[in-house]
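Novice: A single structure is presented below for examination.
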Amino acid sequence: MRAFIAFAALALGGFRGSAQSRPAPVTPPPGNTPTAAQATPQTPARDSAQLRQEVEQHRAAGDTYLPDAENFTIGDRTIAANTRVDGPIAVAHGNLDVFGTVSGDVVSLGGDVRVHRGGHVTGSALAAGGKVIVDGGVVEGSRRAIGIAPPTLPTVPTIQAQPLSTWESVKLVIAWFALLTLIGLGVMVFAGGNLEGVVVGLERGFARSFWLGVAGQVALLPLLLVLVVGLAVTVIGVLLIPFAIVAYVIAAAGLVTLGFLAVARLTGGVMASDRGTSSQRGVHLRALAIGLVVYLGMWMVAALFAWNPVIGAVLRGIAFAVTWVVATVGLGATLASRAGTRRPGAGSTKKTSTDELAWQTPTPVSGVAAATRKLKVGAGG
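Whatever position you read off the sequence shown (first residue = 1), add 33 for my numbering.
Structure, rendered in structure tokens:
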């Protein structure tokens with residue numbers, strides 16, 4: 034019995050001792066006091082490789098004020114009232130609320146720094162990607178809020194266009210000469226009459242062809258817009274718009290090319306002679322080749338001076354101006370002659386000549402009796 038009483042007393046005494054040894058709950062001070070969850074500081078993210086990489090990227094971008102990654106904690110953090118901590122205090126991807134005292138700097142990365150009433154920061158308050166809000170507190174150092182630049186995407190290396198070398202420019206001119214020669218041969222074989230009609234139009238009116246060509250160049254785009262609007266009225270026309278645009282561009286390029294070849298042939302015809310050729314087509318072919326050599330020869334000279342930027346630019350400008358004038362005159366002549374199908378002066382004029390022997394008919398014409406011819410009778414009978 035005595036042993037049972039002693040055991041009960043020991044058990045009761047142990048329970049009371051454990052109850053007395055338990056610490057009493059701490060009552061937070063009145064005022065702007067954070068909750069227990071907010072007051073609990075988080076463990077610094079010392080092993081966060083991603084955070085370390087992010088801090089290093091911002092430092093490389095110029096944000097040298099950021100402390101080392103070991104000083105950061107991830108998420109919101111609060112410095113409780115009536116407490117004093119040594120800085121720097123840094124948070125990442127969260128807000129930093131200061132109710133107490135921080136001896137040093139406070140930094141936020143991707144959040145705000147808020148210094149509340151009663152809060153005291155002896156250093157600077159810096160926010161990268163957030164704001165520095167002083168709500169009744171004190172910040173002895175500087176306050177800076179810096180926007181975070183968007184993450185740098187991998188850039189594609191830009192390829193700068195290098196000017197053509199002398200040999201490349203020469204090859205380009207030779208290629209254009211070969212192309213225009215082939216087109217000229219095709220035109221002379223399959224559309225020789227059209228080319229001849231444009232040449233005749235050039236011979237009849239050079240100045241008129243030039244101004245008509247200028248007007249044609251100005252009207253190219255408005256006419257294309259009118260064509261597109263006209264086709265857009267109907268459903269079927271809308272479907273035909275892409276094909277119409279392609280056909281329009283091809284037709285315009287064909288008219289300009291035909292006019293340019295006509296001017297080249299006319300120029301070559303003035304400079305060439307008929308010696309050594311037995312056919313008219315041979316004469317025209319030689320004239321066309323000479324004209325192409327004349328006009329593309331200016332581009333060849335400019336290509337040979339491609340090594341000199343100043344002289345090459347001047348020669349290219351001269352060649353471009355001459356080529357534009359030639360193309361404009363040729364376009365005007367092509368438009369005036371309707372692509373060579375209408376030759377100036379070749380209209381359908383009717384000759385009103387009467388038959389000299391019509392008076393000899395014995396049959397009255399239109400009700401008028403035929404005139405009789407008086408004959409002289411000689412003296413001899």
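Positions of the beta carbon are idealized from the N, C-alpha and C atoms, including for glycine.
Predicted model, so just to flag it, every value in this text is computed and none were measured.
1) So is Leu258 buried or exposed if we call it buried at 16+ other beta carbons inside 10 Å?
2) In terms of DSSP beta bridges, what is Ala125 paired with?
3) Decide yes or no for the touch test of the segment 266-286 against the segment 323-341: beta carbon pairs closer than 8 Å, at least 3 of them.
4) By a C-beta neighbour count over all protein chains shown, 10 Å radius and 16 as the cutoff for buried, is Pro121 buried or exposed?
5) Secondary structure at His149, three-state DSSP: helix, strand or coil?
6) Tell me the rounded alpha-carbon separation between Thr155 and Gly137.
7) Assuming Gly169 and Arg150 are in contact, meaning their beta carbons sit under 8 Å apart, how far apart are those beta carbons, in whole angstroms?
8) Going straight from the alpha carbon of Glu173 to that of Ser157, what length do you get?
9) For Leu325 and Ala297, which I take to be in contact (beta-carbon distance under 8 Å), what is that distance rounded to the nearest angstrom?
10) Could you check which residue in Phe293, Leu260, Ala352 and Leu291 has the C-alpha nearest to that of Ala280?
11) Taking buried to mean at least 16 other C-beta atoms within 10 Å of its own C-beta, is Ser175 buried or exposed?
12) Please work out which residues of its chain come closer than 8 Å, Cβ to Cβ, to Ile283, disregarding the five sequence neighbours upstream and downstream, and give them in chain order.
13) Taking DSSP as the reference, what is the three-state secondary structure of Ala412?
14) Within a Cβ cutoff of 7 Å, which residues of the same chain sit near Phe293, ignoring the five residues on either side of it in sequence?
15) Out of Ala320, Tyr328, Val266 and Leu291, point me to the one whose CA is closest to Thr374's CA.
16) Need the endpoints of the alpha helix (DSSP H) that Ala369 sits in, please.
17) Between Asp130, Glu103 and Ser202, which has its C-alpha nearest Ala114's C-alpha?
18) Using the Cα positions of Gln313 and Gly225, report the straight-line distance between them to the nearest angstrom.
19) Per DSSP, what kind of secondary structure is Ser136 in: helix, strand or coil?
20) Under three-state DSSP, which class holds Val305?
21) What is the DSSP secondary structure of Arg319, counted as helix, strand or coil?
22) Please report the straight-line C-alpha distance between Leu348 and Val206, rounded to a whole angstrom.
23) Of all the options Ala346, Leu218 and Asn104, which has the alpha carbon lying nearest to the alpha carbon of Ala415?
24) Does Gly152 pass the burial test, meaning 16 or more other C-beta atoms within 10 Å, or should it be called exposed?
25) I'd like the list of long-range same chain contacts for Ala160, defined as Cβ closer than 8 Å, with 5 residues on each side in sequence excluded.
26) What is the rounded straight-line gap between the Cα of Glu201 and the Cα of Leu213?
27) How big is the Cα-Cα spacing for Phe239 and Leu299?
28) Could you name the residues of the same chain whose beta carbon sits closer than 8 Å to that of Ile166, not counting the 5 residues immediately before and after it, in chain order?
29) Going by DSSP, which residues form a beta bridge with Val154?
30) Taking buried to mean at least 16 other C-beta atoms within 10 Å of its own C-beta, is Ser198 buried or exposed?
31) What first and last residue would you give for the alpha helix (DSSP H) that runs through Val261?
32) Would you mind reading off the limits of the alpha helix (DSSP H) that contains Thr374?
33) What does the alpha-carbon distance come out to for the pair Ala366 and Gly246?
34) I'd like to confirm the pairing. Which residues does DSSP put opposite Ile179 in its beta bridges?
35) Tell me Val167's beta-bridge partners as DSSP assigns them.
36) Beta carbon of Pro100, beta carbon of Ala123: below 8 Å?
Specialist: Let me lay it out:
1) exposed
2) Per the DSSP secondary-structure output, Ala125 pairs in a beta bridge with Ile107 and Leu142.
3) no
4) Note on Pro121: 16 or more other CB atoms within 10 angstroms of its CB, so buried under the neighbour-count rule.
5) coil
6) If you take the alpha carbons of Thr155 and Gly137, they lie about 5 Å apart.
7) 3 Å
8) 7 Å
9) 5 Å
10) Leu260
11) exposed
12) Listed in chain order, the non-local C-beta contacts of Ile283 below 8 Å within the same chain number zero, local neighbours out to five positions each way being set aside.
13) Because the pLDDT at Ala412 is just 44, under 50, the model does not fix this residue reliably, and the value given afterwards should be weighed accordingly. In the structure shown, Ala412 sits in coil (DSSP, three-state: anything other than H, G, I, E or B).
14) Within the same chain, and ignoring the five residues on either side of Phe293 in sequence, the residues whose Cβ sits closer than 7 Å to its Cβ are Val359, Ala360 and Gly363.
15) Leu291
16) Unbroken alpha helix (DSSP H) run through Ala369: Pro342 to Ala369.
17) Taking Ala114 as reference, the option from Asp130, Glu103 and Ser202 with the minimal CA-CA separation is Asp130.
18) 11 Å
19) strand
20) Val is not the amino acid found at residue 305; the sequence shown has Ala there. Residue state, collapsed to three classes: coil.
21) helix
22) Each residue's Cα considered, the two are about 14 Å apart.
23) With the chain running from 34 to 414 in the structure shown, residue 415 is simply not present.
24) buried
25) Val140, Ser141, Gly144, Asp145, Val146, Arg177, Ala178 and Ile179
26) 19 Å
27) 11 Å
28) Asp145, Val146, Arg147 and Val148
29) Val135 and Val172
30) exposed
31) Per DSSP, Val261 is one residue of the alpha helix (DSSP H) stretching across Phe239 to Leu264.
32) Neither: Thr374 is in no alpha helix (DSSP H) and is coded neither H nor E.
33) 7 Å
34) Its beta-bridge partners are Ala161.
35) Val148
36) yes
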